[in-house]
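Sequential numbering of the sequence shown, starting at 3, is according to my numbering.
Think of the CB as a built atom: it goes at the ideal place given N, C-alpha and C, for glycine as much as any other residue.
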Amino acid sequence: MSIKVWFDSELIAADAAHVSVFDRSFSVGDGVFETLKVDHSTALALTRHVRRLARSAAGLGLPEPDRFLITNAVAELIDANSAEFGSMSRLRIQYSAGTGGAGSERASERTRIVITQTKATQWPATTQVITVPWARNEKSPVVGLKTTSYAENVVALARANAVGSGEALFANTVGDLCEGTGSNVFVVLAGQLLTPPISSGCLPGITRELVLEWVGARETDLPMSALADAQEIFITSSTRDIQPVSHVDGRLVEMAPGPVTVRAQEIFAQRMAQTPDP
Ligand SMILES: Cc1ncc(COP(=O)(O)O)c(C=O)c1O
Numbered sequence: 003m004s005i006k007v008w009f010d011s012e013l014i015a016a017d018a019a020h021v022s023v024f025d026r027s028f029s030v031g032d033g034v035f036e037t038l039k040v041d042h043s044t045a046l047a048l049t050r051h052v053r054r055l056a057r058s059a060a061g062l063g064l065p066e067p068d069r070f071l072i073t074n075a076v077a078e079l080i081d082a083n084s085a086e087f088g089s090m091s092r093l094r095i096q097y098s099a100g101t102g103g104a105g106s107e108r109a110s111e112r113t114r115i116v117i118t119q120t121k122a123t124q125w126p127a128t129t130q131v132i133t134v135p136w137a138r139n140e141k142s143p144v145v146g147l148k149t150t151s152y153a154e155n156v157v158a159l160a161r162a163n164a165v166g167s168g169e170a171l172f173a174n175t176v177g178d179l180c181e182g183t184g185s186n187v188f189v190v191l192a193g194q195l196l197t198p199p200i201s202s203g204c205l206p207g208i209t210r211e212l213v214l215e216w217v218g219a220r221e222t223d224l225p226m227s228a229l230a231d232a233q234e235i236f237i238t239s240s241t242r243d244i245q246p247v248s249h250v251d252g253r254l255v256e257m258a259p260g261p262v263t264v265r266a267q268e269i270f271a272q273r274m275a276q277t278p279d280p
């Protein structure tokens with residue numbers, strides 16, 4: 003048995019799946035994607051992820067992806083790979099503008115869907131983070147879209163990893179706290195759970211959204227100094243869930259995890275187990 007991937011409209015062996023060197027997602031990052039967790043054959047929050055994929059596609063001016071096809075393809079893929087992965091794995095849904103057009107201009111409407119399943123990332127119980135001097139652009143034409151142009155995140159995360167940190171946090175162009183390279187951020191100030199609003203330029207993270215709905219938090223603009231003042235900090239993503247932050251730029255956070263974070267983790271785990279596609 004070999005690992006399968008979904009490629010265009012069928013399941014094929016992963017090592018037989020090749021995209022064109024002219025694929026626009028490869029050449030100019032003209033594509034969108036989703037990453038989600040598979041827990042015991044269930045793709046978590048699949049409906050929300052497929053909805054966000056469609057929103058990201060619309061933001062890039064791509065034709066609407068076939069959500070029904072994607073949802074069924076995910077089920078088929080997980081079923082086909084059931085012997086290959088343990089109880090947890092990671093799914094990536096990619097929607098590319100397809101081939102054609104060597105520059106920024108698109109030359110064809112033939113899009114491509116690729117869905118891959120890989121081993122789950124093992125995240126440590128807490129993480130250190132750094133802040134980086136580069137800004138997230140809340141006025142970008144692709145703000146809030148999960149596009150395959152991830153080079154800024156690659157560079158920032160490499161800087162974090164080089165000093166033993168697991169994530170890098172960005173401010174936006176006006177210097178407010180925004181998000182991580184692959185995560186949203188929450189802080190606890192005077193016992194209140196706070197997170198930057200979508201207008202800060204952060205990705206509307208699905209985990210962030212679920213924390214707001216299930217746990218409750220206030221969305222508010224936060225200066226970067228909130229990271230130094232916070233009693234607790236955590237970052238969220240679909241593969242991490244809620245991960246407490248122990249250090250920011252080498253400085254110890256008061257509590258990691260503190261009581262607000264622990265409660266958020268408990269509620270999140272319980273609600274996700276009850277409603278895996280909330
Ligand atoms: C830039 C960025 N922000 C936030 C997130 C968290 O989003 P989600 O909770 O939907 O995984 C991600 C996820 O990879 C991301 O890439």
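By Cβ distance, which residues of its chain are closer than 6 angstroms to residue i, with the 5 residues on each side in sequence left out?
| i | result |
| --- | --- |
| PRO246 | THR128, PHE236, ALA258, PRO259 and THR263 |
| SER4 | ALA15 |
| ARG210 | ASN186 and THR238 |
| SER151 | GLY31 |
| VAL250 | VAL131 and LEU229 |
Cα-Cα, which of the options is closest to residue i?
| i | options | result |
| --- | --- | --- |
| GLU36 | ILE95, LEU254 and GLU107 | ILE95 |
| VAL1 | LEU79, LEU196, THR197 and GLN130 | Outside the shown range of the chain (3 to 280) lies residue 1, about which nothing can therefore be said. |
| GLY168 | TYR152, ILE132, THR197 and ILE244 | ILE132 |
| LEU195 | GLY31, GLY182, THR183 and ASP231 | ASP231 |
| ASP32 | TRP8, SER84, ASN74 and ALA109 | ALA109 |
| ALA19 | PRO225, ILE117, VAL165 and GLY193 | ILE117 |
| LEU147 | LEU62, ASP81 and ALA170 | LEU62 |
| ILE72 | SER29, TRP8 and GLY203 | TRP8 |
| ASP243 | LEU229, ILE208 and VAL255 | ILE208 |
| VAL23 | GLY193, GLU268, PRO280 and THR101 | THR101 |
| SER84 | SER227, PHE28, VAL189 and LYS6 | LYS6 |
| LEU191 | LEU159, GLU181 and GLU256 | GLU256 |
| ALA77 | LEU46, GLY105 and GLU107 | LEU46 |
| GLY218 | ALA137, PHE270, ALA104 and ARG54 | PHE270 |
| ARG253 | SER29, GLU234 and GLU268 | GLU234 |
| SER106 | ASP81, GLY193 and SER29 | SER29 |
| THR277 | TRP216, GLY193 and GLY177 | TRP216 |
| SER284 | ARG273, VAL156, ARG220 and VAL189 | With the chain running from 3 to 280 in the structure shown, residue 284 is simply not present. |
Less than 8 angstroms separating the beta-carbons of residue i and residue j?
| i | j | result |
| --- | --- | --- |
| ARG114 | SER89 | no |
| THR222 | PRO206 | no |
| SER185 | THR238 | yes |
| VAL52 | ARG69 | yes |
| PRO67 | ALA59 | yes |
| ALA266 | VAL187 | no |
| LEU179 | PRO225 | yes |
| ARG92 | THR49 | no |
| SER240 | LEU38 | yes |
| VAL183 | ALA164 | Contrary to the premise, residue 183 reads as Thr rather than Val in this sequence. In this structure, ALA164 does not lie closer than 8 angstroms to THR183 by Cβ. |
| VAL21 | THR149 | no |
| GLU154 | TRP125 | no |
Less than 8 angstroms between C-beta atoms, sequence neighbours within five positions excluded: which residues of the same chain meet that for residue i?
| i | result |
| --- | --- |
| VAL139 | Residue identity check: residue 139 is Asn in the sequence provided, not Val. Contacts found: VAL145, ASN174, THR175 and GLY203. |
| PRO65 | ALA59, GLU111 and THR113 |
| SER142 | GLY203 |
| ARG161 | ILE132, VAL134 and ALA170 |
Can you find the residues in the same chain that come closer than 7 angstroms, C-beta to C-beta, to residue i, ignoring five residues on each side of it along the sequence?
| i | result |
| --- | --- |
| THR120 | SER91 and ARG92 |
contact_flag[the region 10-27, the region 40-58] where n(CB pairs < 8 angstroms) is 3 or more: They do not touch, by the three-pair rule.
Ranges of the alpha helix (DSSP H) found wholly within the region 147-208, counting only runs of at least 4: 153-164
3-residue-minimum beta strand (DSSP E) runs that sit fully inside the region 210-274, ordered along the chain: 234-239 and 243-250
Completely contained beta strand (DSSP E) runs for the region 114-152, where each covers 3 or more residues: 114-121 and 129-138
Secondary structure, beta strand (DSSP E): runs of 3+ residues fully inside the region 28-67: 33-41
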